[in-house]
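Structure first, then comments.
Chains as they are written, first to last, in this note's numbering: chain A, 23 to 134; chain B, 21 to 134.
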């Protein structure tokens, strides 16, 4: 039972354009949603988060949108840069121990 | 501030052998996590420690996997005996407190079981 889903395994965008990465979840009890970025041979690094009581959080070029009724969140990167090329994981926090449940990841390739 | 340290970075073993991974979290972080990331999947939590006590080990295959965190600092994860399906990257992470949503990850140990 996959509670957090990233249905796009990969995404390719041109430098300077917008990248939109999507994530769907099934458990309405999740209270925090996070995006992590992972380069090859490195561990994931935290990028941005959003509380379930908000619908938008912005940090520089990165914005996360949450649509609770649709159980959907998205990460927008504007403008995209070649250094943004990485795997992006969506994660949700919930349960008695507040553990993180990760999606399968989306490989973003930003073309110069 | 030093990050989460893990060793070894790579390990190749035969099935039915045993293997151990080591993790040193960020200084002062009370919570330590071990994740298993199989190729093409997201990280899956195996075990979570708060100081040296286990908070969640519901997804740890206890017949072959064990983990300890002595003195509430560094931790070891052991697999004995290993199976082919244990081939994965084992990630250690730490956070200042339980459920701290920002978890800091180490580089991982890539295990290949032949």
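Ideal Cβ placement from N, Cα and C applies to all residues, glycine included.
Sequence-distant residues of the same chain with beta carbon closer than 6 Å to residue i, five excluded per side
i: residue 97/B; result: 41, 54 and 87
i: residue 123/B; result: 113 and 115
i: residue 122/A; result: 113 and 115
Distance between beta carbons of residue j and residue i, contact taken as under 8 Å
i: residue 50/A; j: residue 121/B; result: 18 Å between Cβ atoms; not a contact.
i: residue 52/B; j: residue 95/B; result: 5 Å
i: residue 82/A; j: residue 111/B; result: Residue 82/A to residue 111/B, Cβ: 26 Å. No contact.
i: residue 128/A; j: residue 28/A; result: 5 Å
i: residue 88/A; j: residue 55/A; result: 6 Å
i: residue 90/B; j: residue 72/B; result: 6 Å
Whole-angstrom distance between residue j and residue i, CA atom to CA atom
i: residue 115/A; j: residue 125/A; result: 12 Å
i: residue 107/B; j: residue 28/B; result: 15 Å
i: residue 77/B; j: residue 68/B; result: 6 Å
i: residue 63/B; j: residue 38/A; result: 30 Å
i: residue 47/A; j: residue 30/A; result: 14 Å
i: residue 26/B; j: residue 59/B; result: 19 Å
i: residue 43/A; j: residue 26/A; result: 13 Å
i: residue 80/B; j: residue 134/A; result: 43 Å
i: residue 109/B; j: residue 24/B; result: 15 Å
i: residue 74/A; j: residue 117/B; result: 20 Å
i: residue 164/A; j: residue 83/B; result: There is no way to answer for residue 164/A, as the model of chain A reaches only from 23 to 134.
Near the ligand HEM: residue i beta-carbon under 7 Å from a heavy atom
i: residue 93/A; result: The model depicted lacks the ligand HEM and carries no ligand whatsoever.
Spatial neighbours of residue i in its chain, beta-carbon cut-off 8 Å, leaving aside the 5 residues before and after
i: residue 40/A; result: 98, 99, 100, 101 and 102
i: residue 65/B; result: 53, 54, 55, 76 and 79
Only counting runs of 3 or more residues, tell me where the beta strand (DSSP E) segments fall wholly within the segment 65-123 of chain A, in order along the chain. 67-73, 78-81, 84-89, 94-99 and 108-116
At a cut of 8 Å, does the segment 45-53 of chain B reach the segment 99-106 of chain B through at least three beta carbon pairs? Contact between the segment 45-53 of chain B and the segment 99-106 of chain B is absent, because fewer than three Cβ pairs lie under 8 Å.
Cβ pair count under 8 Å reaching 3, the segment 56-69 of chain A against the segment 103-112 of chain A: yes
Mind listing, in chain order, the continuous beta strand (DSSP E) runs of no fewer than 3 residues lying wholly within the segment 71-99 of chain B? Complete beta strand (DSSP E) runs here, min 3: 73-76, 85-88 and 95-99.
Tell me, please, whether the segment 86-103 of chain A touches the segment 32-41 of chain B by the rule of three or more beta-carbon pairs shorter than 8 Å. no
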